[in-house]
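This note's numbering numbers the first residue of the sequence shown as 111 and each following residue consecutively.
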Amino acid sequence: MVGKPKYFQLFYKIISRKMGDVFKAIADPTRREILLMLVEEQSSIGQIAENFNMSRPAIAKHVKVLQNANLLNIEPDRADGRQRNCVVQLEALKEVGDYLTRVEKFWQKKLNGLEAYLAKENKK
C-alpha cells in the first residue's frame, strides 16, 4: 500500500477486516446452511436448531459468528414481539462477490495473456 494516502490505507484495512469476517463466517458448512435457510424464511434460533443435529447453544454460537460478520440481524418477531428471529442480510456477501469478480477478471486477463503467448510460441 505504498504511495496511497493514509485515509485510503485505513479504509482498505477496515474493508479487508470486514471481508475476512465474512470469509470466516461462510467457511463453515453449518453457517452456510443457516444462511440458505434464512434466505427462504426468517427463523428463531430454536427453529434453526431443529434442522441440525446439534444443540441450541451450538447453533447460537454459529448465529453469533454470522451476526458479527453482518450476515444476519436478530429482530423481534412482528407478530408477537416476544420471539426474536434471525433475518439474513446479504449486503456483506455482495461486497465479497464484487471483490471476487475483480480477482477473477485480473486472473482471466493474465490467463488470456499466457494463452496468447503460448499460441504465438507454438507457431514458431
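Here a beta-carbon is modelled for each residue, glycine too, at the ideal position from N, C-alpha and C.
So, are the CB atoms of residue i and residue j less than 8 Å apart?
i: residue 196; j: residue 155; result: yes
i: residue 132; j: residue 229; result: no
i: residue 198; j: residue 145; result: yes
i: residue 172; j: residue 140; result: yes
i: residue 104; j: residue 184; result: Because the chain is modelled from 111 through 234, residue 104 falls outside the range shown and cannot be assessed.
i: residue 129; j: residue 205; result: yes
Could you tell me which residues DSSP puts in a beta bridge with residue i?
i: residue 194; result: 186
i: residue 241; result: Only positions 111 to 234 of the chain appear in this structure, which leaves residue 241 out of reach.
If you follow the alpha helix (DSSP H) that residue i is in, where does it begin and where does it stop?
i: residue 226; result: 201-233
i: residue 178; result: 166-178
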